[in-house]
Amino acid sequence: MPATALPTPLLQHVQGSTRSINLPLNQDNRELYLLKELYGYDSFQVGQLEAIQSILQDKDTLVLIPTGGGKSLIYTMAAVLKQGLTIIIEPLKFIMEEQAEKLRQEQVPAFLTHNSSLTDTEMEYVVNALCRQDLPFAILFTSPECIVSSKLLNILRKWNDAGNLNFIAVDEAHCIDIWGPDSGQITLKWVY
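Letter 174 of the sequence shown, counting from 1, is numbered 174 in UniProt numbering, and no numbers are missing.
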């Protein structure tokens, strides 16, 4: 489906416009190179590089950083370096939109799904784009409620069966706790 058929800029077509990032062959320098190239920073904040390296080594990684401390850089950089599909679970729509837009400005394929504002056509576009698996990597921002939808679970299975499901990052701790009569039960389904 061409992007022009979509009424929102949140779902731009990224095939063919994915940024080609030529990482240095030296593994020790690729994180710093990407930090400068993609994010425009010269140095990491305390703990960021260690967290990225832990994710790249496929370790379960818990990162406790206050708001504004650079958590999104950790999981988005790890997603770009690992390739494949990375899922970011974020309950706040405006944060999803802001992060996805920043990545798309750098031609990083970032999609988002949340219950409240996507039309059926927009949701189908995201599902179809991710089901094709023709992107070297993609980042999907989604809410705790959406991650348990049959459409998204099917996408996760496809990428996982192909060996290309990287990791799932939970951006807000309350996503893994019971915090409401409806969302608590939904959240617990995918955590346990």
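All residues carry an ideal CB built from backbone N, CA and C; glycine is no exception.
Apply the 10 Å Cβ neighbour rule to residue i and answer buried if 16 or more other Cβ atoms are within range, or exposed otherwise.
i    : result
Q57  : exposed
L62  : exposed
R104 : buried
V108 : buried
S17  : Residue confidence for S17 is low, a pLDDT of 42 falling below 50, so the modelled location carries little weight; the figure read from the coordinates is stated next. S17 comes out exposed.
T86  : buried
P144 : buried
L35  : buried
Q83  : exposed
G40  : exposed
N166 : buried
N128 : exposed
S72  : buried
Q45  : exposed
A162 : exposed
E50  : exposed
Identify the continuous alpha helix (DSSP H) that holds residue i and give its terminal residues.
i    : result
L103 : 93 to 105
T76  : 71 to 82
Can you tell which of the options has its C-alpha closest to the C-alpha of residue i?
i    : options               : result
I139 : I74, D120, E145       : I74
E90  : D161, Q83, I147       : I147
I55  : L35, M77, V46         : M77
K151 : T67, V126, D42        : V126
N160 : F141, C131, V170      : C131
T67  : I95, I155, T121, E101 : I95
F141 : L49, G69, D60, I88    : I88
A169 : L118, L135, I52       : I52
D171 : S43, L156, P136, L92  : L92
L153 : Y33, F137, T113, L135 : T113
E37  : E98, G70, D60, V80    : V80
F137 : A110, R157, M123      : A110
Can you tell me whether DSSP reads residue i as helix, strand or coil?
i    : result
L118 : coil
V170 : strand
I65  : coil
A162 : coil
L130 : helix
L49  : helix
K189 : Reliability fails at K189, whose pLDDT of 47 lies under 50, so the model's placement of it is uncertain and the value that follows must be treated cautiously. The answer is helix: DSSP assigns K189 an H, G or I state.
Would you give the residue range spanned by the beta strand (DSSP E) that residue i belongs to?
i           : result
L140        : 137 to 142
residue 204 : Residue 204 lies beyond the residue range present for the chain, which begins at 1 and ends at 192; the question has no answer from this structure.
N111        : A small correction: the amino acid at residue 111 is Phe; Asn does not occupy that position in the sequence shown. Run containing F111: 110 to 113, per the beta strand (DSSP E) assignment.
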